[in-house]
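Undergrad: Structure below; questions to follow.
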Amino acid sequence: MKKLTRRLTLTLALTGALAASAAALAVAADKDLIVFDWSGYEDPSFHPKYVEKNGDSPTFAFFGDEDEAFEKVRSGFKADLGHPCSQSVAKWREAGLLQPLDPSKITGWKDLNPGIMAMKDLATTPDGKAWFMPWDWGNTQLTYNTSKIDAKDVQSLKAFADPKFKGRVSIGDNVDDAYALASLAIGLKDWTKMTDDQFKQASDFLRQVHKNVRSYWTDTTDVVQLLSGGEVDLAWAWNDATVQSVAAGVPIMAKKDIDEGISTWVCGYVLFKDAPGNVDKAYDYLNAVNDPETAKVLVKDWGYGQANAKGMAGVDQAVLKEKGYDDVQKFVDKTLFQSPVPSDLKLKMIAEFEKIKAGY
């Protein structure tokens, strides 16, 4: 996931000789550090202490999804830090794209959420090496216009396939979120154990959903425009879609108490093996985003949680309640964590989702 995607107006596209890298650089700033990220995370409010220490923000390069990012780096694009999510970290590591992190250089490493750090084969490997610093986490969840849809009609994720919502639905053009939705809809909470029969059930469900889809959104700006403009009334979207829609005055609500549950993803930062920049500045950036004060911005303005437990503890309780983080345990038992899936299953998902979107 999944995943901030608010684009800044200063984003520039690489052209000419750099087109082969297939990456867009935005606001070229500190040339000693390139962060390969989801668009939106270049927001300076996420890394004020980096700017304070180094005089400017890093240079950012953007990707649309993690499979795209994987192919770009594997094809030779050079950056220092990357921002994958839980389901992709093992793939990037096993492909030899990463180098281990040095936890002793990351302030607050021991403050990272124990539950997240305990996720198998994610932050660390059995040999004790650290590869991933969890940073942001959130949900993909049923999101709807309360002035157009009654809550009782969207108590189940099966609403996405209900013919009465034909032409009023949007889900992400994102294979992980799509199959998270489908897995939950068929009653599966651990997609790493998906059988062939369950894969067929999940794919069949997505085919039914496709009949109702008006548009597959590509980023938060996209889905917020669809919801705010009245083009769709029901979406499978990230937390910040609700936050931004409500800020725009639209009656959009995320429903966490859905019968089948919601999907939870964890994203964070990795250090590329062939990082061309200043490694000390890479750790300056990791320390800046992991600063507990950053949680206040991440939760209040974007609706996401910070992996730094100390940071979350410092957020105003009223804000945590408003954003749904006051009692995380109440929905943990009904969530699908987007853990890494076997590579053969991921390839099947990618191929099948392309067929589904094409109407097959």
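Residues -28 to -1, 1 to 332, numbered by mature numbering (1 follows the signal peptide of the UniProt record, and there is no 0), are exactly what the sequence shown covers, in order. We put the CB at the ideal spot given by N, CA and C, even for glycine. Source: prediction; values computed, not measured.
1. Can you give me the C-alpha to C-alpha distance between A209 and P248, rounded to a whole angstrom?
2. Skipping 5 residues on each side, what residues in its chain have a beta carbon closer than 6 Å to that of A(-6)?
3. For A220, collect the residues of the same chain with a Cβ closer than 8 Å to its Cβ; drop the 5 residues on either side in sequence, then sort them by chain order.
4. Taking 8 Å as the threshold, find out whether the segment 158 to 173 comes into contact with the segment 213 to 227 through three or more Cβ pairs.
5. Would you report the Cα separation of S311 and D149, rounded to the nearest angstrom?
6. Can you tell me where the alpha helix (DSSP H) holding P20 begins and where it ends?
7. In chain order, what residues of the same chain lie with their CB nearer than 8 Å to the CB of I234, ignoring the 5 residues before and after it?
8. Could you tell me the distance, in whole angstroms, from the CA atom of V126 to the CA atom of I230?
9. In its own chain, which residues sit with a C-beta less than 7 Å from the C-beta of L317, not counting the 5 before and 5 after it?
10. Could you check whether the segment 291 to 298 touches the segment 269 to 279, counting it as contact only if at least three pairs of C-beta atoms, one from each stretch, sit closer than 8 Å?
11. Compute the Euclidean distance between the alpha carbons of V313 and K82, then round it to the nearest angstrom.
12. Which residues in the same chain as residue 365 place their Cβ atom closer than 6 Å to its Cβ, once the five residues preceding and following it in sequence are excluded?
13. Tell me which same chain residues have a C-beta within less than 6 Å of the C-beta of K183, skipping the five on either side of it?
14. Looking at the structure shown, is N259 part of a helix, part of a strand, or coil, going by DSSP?
15. Does the distance from the CB of D263 to the CB of K21 come in under 8 Å?
16. Return the residue from the list S11, A330 and D4 that minimises the CA-CA distance to T193.
17. Go through the segment 123 to 170 residue by residue and report every complete run of the alpha helix (DSSP H) that reaches 4 residues or more, in order.
18. Count the other CB atoms within 10 Å of the CB of D168; is the residue buried (16 or more) or exposed (fewer)?
19. For D37, which residues of its own chain have a beta-carbon under 7 Å away from its beta-carbon, when the five flanking residues on both sides are left out?
20. Indicate whether D28 and A51 have their beta-carbon atoms separated by less than 8 Å.
21. Rounded to the nearest angstrom, what separates K120 and I158 at their Cα positions?
22. For K227, list the residues DSSP reports as bridge partners.
23. What span of residues does the alpha helix (DSSP H) with G240 cover, start to end?
24. When the Cα atoms are used, what is the spatial distance from T31 to Q71?
25. With DSSP as the reference, identify every bridge partner of G54, one or two as the case may be.
26. Can you tell me whether Y332 is buried or exposed? The criterion is at least 16 other CB atoms within 10 Å of its CB, across all chains shown.
27. On the DSSP letters alone, give me the boundaries of the beta strand (DSSP E) that P30 sits inside.
TA: Based on what the coordinates show:
1. Straight-line Cα distance between these residues: approximately 35 Å.
2. For A(-6), the pLDDT reaches just 44, beneath the cut-off of 50, and the residue's location in the model is therefore unreliable, although a value from the coordinates is still provided. Within its own chain, the residues whose Cβ lies closer than 6 Å to the Cβ of A(-6), once the five positions on either side in sequence are excluded, are A33, K44 and F49, listed in chain order.
3. So the qualifying residues of the chain are V196 and S200.
4. No, they do not touch.
5. Across the structure, S311 and D149 are spaced so that their CA atoms are roughly 12 Å apart.
6. Unbroken alpha helix (DSSP H) run through P20: P20 to N26.
7. Result list for I234: N111, T112, Q113, L114, L156, K228, F303, K306, T307 and L308, in chain order.
8. One Cα belongs to V126, the other to I230, and the distance between them is close to 8 Å.
9. Within the same chain, L317 has close Cβ partners M166.
10. Yes: at least three Cβ pairs fall under 8 Å.
11. The straight-line gap from Cα to Cα measures roughly 27 Å.
12. Summary: the structure shown does not reach residue 365, with the chain confined to residues -28 through 332, and so no result is reported for it.
13. There are no such residues.
14. The three-state reading of DSSP puts N259 in helix, counting H, G and I together.
15. K21 is positioned such that its CB atom lies closer than 8 Å to that of D263.
16. Ranking the options by Cα distance to T193, first place goes to S11.
17. Considered as a whole, the segment 123 to 170 harbours 147 to 157 as its complete alpha helix (DSSP H) runs of no fewer than 4 residues, in chain order.
18. By the neighbour-count rule (16 or more Cβ atoms within 10 Å), D168 is not buried but exposed.
19. N146.
20. Contact check for D28 against A51 fails: the beta carbons are separated by 8 Å or more.
21. Rounded to whole angstroms, K120 to I158 spans 26 Å at the Cα level.
22. Under the DSSP definition of a beta bridge, K227 partners with L114.
23. First-last for G240: I234 to F244, but that is the beta strand (DSSP E), not the alpha helix (DSSP H).
24. When rounded, the distance between both Cα atoms is 20 Å.
25. Note: G54 sits in a beta bridge opposite F8 and V242.
26. Around the C-beta of Y332, fewer than 16 other C-beta atoms lie within 10 Å, and the residue is accordingly described as exposed.
27. That run of the beta strand (DSSP E) goes P30 to F35.
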